Structures are given as C-alpha cells and as structure tokens.
Amino acid sequence: MSVVAAKRFPDKLEFAADSIRVDGYLTETTRVTGDEQGKLFEVNDMIIGTVGYVMELSFMQIFARNHKPAAATVEAVLDFIVEFYAWAKKKDDTFGRKNSYLIGMEGEIFRVSSSYLVEKINEFSAIGAGQHFALTAMYLEKSPKEAVEIANELCVYCSGPVNLITKTLHLSHT
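Counting in numbering that gives the first Met the number 0, the sequence shown runs without a single skipped number right up to 173 at its last residue.
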C-alpha cells in the first residue's frame, strides 16, 4: 500500500509520496498533516522513499543516519542494502526484507525491489500499490507530485496529503 514517485530532471531530483497509514487492511483514522517524516525522508545527503512495513521503514531511518552507499553506483547501493539487512536482523531477529525503496543521491536515483534487485533510474520511477498510476502520469509528463496526486485519486491504497522533497543539483561548469 502507498506510492512513492521520483523523477530526475536536468537540475533537480524530485520525490513525492502519499501519506496513507494502515493497520492491516484498514486505513488509520488519525490523519497526518504531510509534515511528518514518514515513507519519504531526507537523511545523510540521501532522499529515501519506501513502501511496505513500518518496522523496516523505521530501521532504515535509523540506519541511514550514519550509513550510506560508498558511491552513486548500483554495486555500492547493493552493498548498502546488504549491510542494512544484516544490521536490522541483528537488532531484531524477526526482521524480514519486505519493502521497496527509491533512493536519491549525488544526482542519481536507484530503485531497490525484491530485496536485492537494484536498478539505476535514468528518468523516473514509482513503487507501491499506486505505482502503475504514478508511472503512467509521469510518462504523460506529470511531475512526481502530480503523479502521486493522481494515484491518490485512483488507488484505494493511496491517500493524501502528498509529501514532497526536491533536491537541487549543483552542476559543474566545465
């Protein structure tokens, strides 16, 4: 449940996420304002968006405070994810690998799915229950924010408000 969308522009990275909270298959009755660090957060020079289980999200928020990939490459992000899973399993032996991630760093976006599948995203991507709506919207030139708004309207497992993180890229002039 949920949706996170990200797009790489020439001068920025833009990530957007919905704010649905669920307990089992039921939407929580308490609403969020959109200001909380939920499934989309910025930490340690990274933007991380995730869908899946809160336990894994919470562990990633703690882990990423003082860990990050050594470089903006598929291999380095895979090493980061492998290290994260080993770290989390030591914290709680019931920990399981369930979430998908979109990670932005150094002007690049990476998608992590199926635990260890890491892909570099050249243009845009989305994860979660609303991903197909968001991907279609971005294919039709919508921003990640607009794509998540559309997913929120069309997917019963997505809900506003939309959280947005934009990271301006500092381009070198050579």
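Beta carbons: idealized from backbone N, C-alpha and C, even for Gly.
The structure displayed is predicted, hence computed values, not measured ones.
Cutoff 7 Å; reference residue i; Cβ partners in own chain excluding five residues on either side
{"i": "residue 157", "result": "1, 2, 17, 19, 128, 129, 150 and 151"}
Exposure of residue i, with buried meaning 16 or more beta-carbon neighbours within 10 Å
{"i": "residue 99", "result": "buried"}
{"i": "residue 69", "result": "exposed"}
{"i": "residue 6", "result": "buried"}
{"i": "residue 81", "result": "exposed"}
{"i": "residue 49", "result": "buried"}
{"i": "residue 64", "result": "exposed"}
{"i": "residue 74", "result": "exposed"}
{"i": "residue 101", "result": "buried"}
Boundaries (first-last residue) of the alpha helix (DSSP H) holding residue i
{"i": "residue 150", "result": "143-153"}
{"i": "residue 54", "result": "53-62"}
{"i": "residue 0", "result": "Counting along the chain, residue 0 falls outside any alpha helix (DSSP H), and DSSP gives it neither H nor E."}
{"i": "residue 134", "result": "130-138"}
Under the three-state DSSP convention, the category residue i falls into
{"i": "residue 11", "result": "strand"}
{"i": "residue 122", "result": "coil"}
{"i": "residue 80", "result": "helix"}
{"i": "residue 16", "result": "strand"}
{"i": "residue 4", "result": "strand"}
{"i": "residue 93", "result": "coil"}
Beta-carbon contacts of residue i that lie in its chain and below 6 Å, excluding the five residues immediately before and after
{"i": "residue 15", "result": "4, 143, 144, 147, 161 and 163"}
{"i": "residue 12", "result": "103 and 166"}
Where the beta strand (DSSP E) containing residue i begins and where it ends
{"i": "residue 165", "result": "162-167"}
{"i": "residue 100", "result": "99-104"}
{"i": "residue 40", "result": "39-42"}
**Message:** Tell me whether the stretch 89-109 and the stretch 45-58 touch, counting them as touching only if at least three CB pairs, one residue from each stretch, are closer than 8 Å.
**Reply:** yes
**Asked** Contact between the stretch 70-85 and the stretch 121-140: three or more CB pairs below 8 Å?
**Response** no
**Asked** Is the number of C-beta pairs between the stretch 103-120 and the stretch 134-154 that are closer than 8 Å three or more?
**Response** no
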